[in-house]
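Residue numbers (the working numbering): -1 to 521. Accompanying notes for the structure given below.
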């Protein structure tokens, strides 16, 4: 029960815009490996000067379909409006809607917004031209296809946003290509922003972070939205990526080869923005510049993120004890490779952890049992020296010494196990592998609460039994009431916890009861 009290306290600490040129074509290749796009930077060699502006006068949308996702773009700013994941649904029901990593109704709220400062005054909502009549772009597995949006600014800058999609994965490339078609030098700064709608009614909480994340200066920065309301955050040192995540899904943008010098994270009305800013771009007449980015919209799946590269896997966070959480996560996935059921994998992992800590727990229980045997003599000493506290403490310590009992021997082994418990708690709470993963009988989703509350109630009962079996030496009436109330507190707390986490705690309790019975029989 000492462990229960410590864990209870830990929860409160750690979680408490002349005639248009022909529109751009869709380019298709069947090569799975995409050749690198040109390096960014101004090119002042013999670039062709394009005089007629490209004009698109109406709003249109196009949907890109791959085996993994459906992405809808608007030509208003050539921006991304929706991103549906084909393999993920909002519930374990096969008829449930697909998960939308991004879903906005207004073009002005769409993501991948391009704008400019100073001389490069790009209209972020200008209509771009793309292939006439194109409404759907299919990208099969092993294919790579481009979607090109074009417009010309009022100052004579040709702007191309070239999206390159692959039939595998959840990432795609974005190249921004500018050509100065005017007869004068133009210069300024480009801004490319990731936008994500912000739901004030679902801000996350102690057990789930929802908000912007940025990898800069070799550190992942998770910004609280309440703080962003007060002031924006600027990261200008080694910016690797910046985006938005919730418990299971993640959208981010990676600037490649110097495509951004800094990123500004802010809350603007009902959106969260990660705005990437370039260095000053100078375009001589006829010169061009190319900037490249990698975008990812998908699950917080360790294997997928590692395969994508660019340190995207660092978006996964198992909290303060991540150094323990990641090894536990790897072991859990290993067990699942041959058990093919995360419920059983959790049970096996729990048993393995219990075996590892068996000697420490055994020592703890033995120490508490010895303390319990000394209880009558300690009571006599307290009564005898009740008016002399110093003498009473000396006599009690002498009693411990005589019987070779360590008064803290019951607590220290428990304290060593606490980081493992909290690390595994974070793994079970935040791993997408457990999302909609079934176990047995009525438990069809290990990431959701038990619909009938059976497992948390049984868990509470096992805590009560464990309490009765655990020696509680030197316990005063107030402590006794606290210990008696703990099973009720934990049961209520676990009612809405993921069933996978409840199963872990239940199995751990059952194994602890078995160990305690073993100790009691030997005593």
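Cβ atoms here follow ideal geometry from the backbone N, Cα and C, with glycine treated the same way. Quantities reported herein were computed from a predicted structural model and do not represent experimental measurements.
Contact check, residue i vs residue j, beta carbons under 7 Å
{"i": "residue 183", "j": "residue 231", "result": "no"}
{"i": "residue 102", "j": "residue 86", "result": "no"}
{"i": "residue 238", "j": "residue 309", "result": "yes"}
{"i": "residue 444", "j": "residue 435", "result": "yes"}
{"i": "residue 449", "j": "residue 500", "result": "no"}
{"i": "residue 505", "j": "residue 348", "result": "yes"}
{"i": "residue 528", "j": "residue 115", "result": "In the structure displayed, the chain extends from -1 to 521; residue 528 sits before or after that span and is not available."}
{"i": "residue 280", "j": "residue 185", "result": "yes"}
{"i": "residue 514", "j": "residue 467", "result": "yes"}
{"i": "residue 492", "j": "residue 341", "result": "no"}
{"i": "residue 517", "j": "residue 363", "result": "yes"}
{"i": "residue 368", "j": "residue 403", "result": "yes"}
{"i": "residue 240", "j": "residue 261", "result": "yes"}
{"i": "residue 161", "j": "residue 145", "result": "yes"}
{"i": "residue 424", "j": "residue 323", "result": "yes"}
{"i": "residue 190", "j": "residue 109", "result": "no"}
Residue from the options whose Cα sits closest to the Cα of residue i
{"i": "residue 181", "options": "190, 260, 284 and 349", "result": "284"}
{"i": "residue 376", "options": "365, 390, 339 and 507", "result": "390"}
{"i": "residue 462", "options": "165, 338, 134 and 508", "result": "508"}
{"i": "residue 83", "options": "122, 213 and 169", "result": "169"}
{"i": "residue 298", "options": "277, 254 and 248", "result": "248"}
{"i": "residue 433", "options": "306, 162, 495 and 119", "result": "495"}
{"i": "residue 301", "options": "370, 327, 250 and 287", "result": "327"}
{"i": "residue 452", "options": "498, 414 and 71", "result": "498"}
{"i": "residue 105", "options": "244, 133, 121 and 73", "result": "73"}
{"i": "residue 150", "options": "178, 421, 132 and 195", "result": "178"}
Span separating the alpha-carbon of residue i from that of residue j
{"i": "residue 361", "j": "residue 219", "result": "41 Å"}
{"i": "residue 388", "j": "residue 394", "result": "10 Å"}
{"i": "residue 63", "j": "residue 416", "result": "47 Å"}
{"i": "residue 536", "j": "residue 502", "result": "This structure cannot settle anything about residue 536, because the visible part of the chain is limited to -1 through 521."}
{"i": "residue 129", "j": "residue 143", "result": "13 Å"}
{"i": "residue 123", "j": "residue 57", "result": "10 Å"}
{"i": "residue 460", "j": "residue 510", "result": "9 Å"}
{"i": "residue 69", "j": "residue 61", "result": "5 Å"}
{"i": "residue 440", "j": "residue 89", "result": "15 Å"}
{"i": "residue 265", "j": "residue 199", "result": "15 Å"}
{"i": "residue 335", "j": "residue 431", "result": "12 Å"}
{"i": "residue 236", "j": "residue 216", "result": "7 Å"}
{"i": "residue 252", "j": "residue 91", "result": "34 Å"}
{"i": "residue 429", "j": "residue 67", "result": "21 Å"}
DSSP-derived helix/strand/coil call for residue i
{"i": "residue 374", "result": "helix"}
{"i": "residue 84", "result": "strand"}
{"i": "residue 161", "result": "strand"}
{"i": "residue 121", "result": "coil"}
{"i": "residue 313", "result": "helix"}
{"i": "residue 62", "result": "strand"}
{"i": "residue 176", "result": "strand"}
{"i": "residue 293", "result": "strand"}
{"i": "residue 444", "result": "coil"}
{"i": "residue 298", "result": "coil"}
{"i": "residue 151", "result": "coil"}
{"i": "residue 90", "result": "coil"}
{"i": "residue 489", "result": "helix"}
{"i": "residue 394", "result": "helix"}
{"i": "residue 26", "result": "Confidence at residue 26 is low in this model, with a pLDDT of 46, below 50, so its placement is unreliable and the value that follows should be read with caution. In this structure, residue 26 counts as strand in the three-state DSSP scheme."}
{"i": "residue 271", "result": "strand"}
Residue i at chain D interface by Cβ criterion, 7 Å
{"i": "residue 227", "result": "In the displayed structure, chain D is absent; only one protein chain is listed."}
Heavy atom of the ligand ADP within 6 Å of residue i beta-carbon
{"i": "residue 361", "result": "Among the components modelled here there is no ligand, and therefore nothing to report on the ligand ADP."}
**Request:** Decide yes or no for the touch test of the region 276 to 295 against the region 165 to 179: beta carbon pairs closer than 8 Å, at least 3 of them.
**Result:** yes
Below 8 Å, can you find three or more Cβ-Cβ pairs linking the region 321 to 332 to the region 486 to 498?
no
(Q) For the structure I just gave you, are there three or more beta carbon pairs, one from the region 267 to 283 and one from the region 310 to 326, closer than 8 Å? (A) no
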